[in-house]
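Working notes for the structure below.
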Amino acid sequence: MSEPLTLARPYARAAFETARAHSALAAWSSHLRFAAQAMGDARVRSLAGDPRLSHAELVSLLLPPSETADSPFAAFLALLVENRRVDLLPEIAALFEEFKRESERTVRVTLRSASEIPAAQAEAIKVALKKRFAREIELEQRIDPAVIGGAVIDAGDVVIDGSVRGRLERLQSALAQ
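In this text, residue positions in the sequence shown follow my numbering: the first is 21, and each later residue adds one.
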């Protein structure tokens, strides 16, 4: 596990527990994405280390417009700023999403194919995956010309390679033995 993820995990867990206690998982998810995106900007990142910018000013810069300075999310950002961990916001947001999906019993699945999969076929794949994993499926389609034909389904720890490229690689491996 990389060091940023190790450092971000307790903050992401604290954010998740706070959001769940306030029945605000969706709102916190959105707020964390906003703040992480802001920290992704090089100009904002440079301000995070600028001693001329107060902690309160940095927090207000990272707060979504819908949030107030006295909200639990603002307090969370203030904690990150105070502990000099605000640069971990992208990792915290990603881990928060993992915790959220786990609590909602949802699996994020990426479906890679050489061309767009028709909606009916994508829905059938989603139904089959829901049955296999016994969880809700969050399906994301990606066009990947390297796939050649067929599709590759990536569900985290499980990868189902039904691509022409995968079949050719397995054939080549079998012939090499």
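Here a beta-carbon is modelled for each residue, glycine too, at the ideal position from N, C-alpha and C.
8 Å Cβ cutoff met for residue i and residue j
i, j, result
"ILE145", "TYR31", "no"
"ARG221", "VAL101", "Since the displayed the chain opens at 21 and closes at 197, residue 221 lies outside it and no answer follows."
"ALA154", "LEU97", "no"
"SER123", "ARG40", "yes"
"LEU159", "VAL178", "no"
"ILE173", "GLU136", "no"
"LEU99", "ALA28", "no"
"THR88", "ALA95", "no"
"PHE116", "LEU25", "no"
"LEU149", "ALA175", "yes"
"GLY60", "PRO138", "no"
Status (buried if at least 16 other CB within 10 Å, exposed otherwise) for residue i
i, result
"LYS151", "exposed"
"LEU191", "exposed"
"ALA171", "buried"
"VAL127", "buried"
"GLU143", "exposed"
"VAL106", "buried"
"GLU156", "exposed"
"ALA140", "exposed"
"ALA196", "exposed"
"ALA58", "buried"
"MET21", "Note that MET21 scores a pLDDT of 49, beneath 50, so its modelled location is shaky and nothing firm can be said."
For residue i, the nearest candidate out of the options (CA to CA)
i, options, result
"PRO165", "ALA175, LEU52 and ARG185", "ARG185"
"GLY169", "ILE157, GLN161, GLY182 and GLY176", "GLY182"
"ASN103", "LEU149, VAL64 and HIS75", "HIS75"
"ALA44", "GLU189, LYS120, GLN161 and SER193", "LYS120"
"ALA134", "GLN161, ARG63, PRO85 and GLU23", "GLN161"
Quiz item: Contact between the region 62 to 71 and the region 44 to 54: three or more CB pairs below 8 Å?
Solution: no
Quiz item: Does the count of Cβ pairs from the region 79 to 86 and the region 23 to 37 closer than 8 Å reach three?
Solution: no
Quiz prompt | Whole runs of the alpha helix (DSSP H) within the region 32 to 111, excluding any shorter than 4 residues | solution = Fully enclosed alpha helix (DSSP H) runs of no fewer than 4 residues occupy 45 to 60, 62 to 68, 75 to 82 and 92 to 102 of the region 32 to 111, in order along the chain.
Self-check item: Whole runs of the beta strand (DSSP E) within the region 142 to 183, excluding any shorter than 3 residues
Solution: 156 to 163, 171 to 175 and 178 to 181
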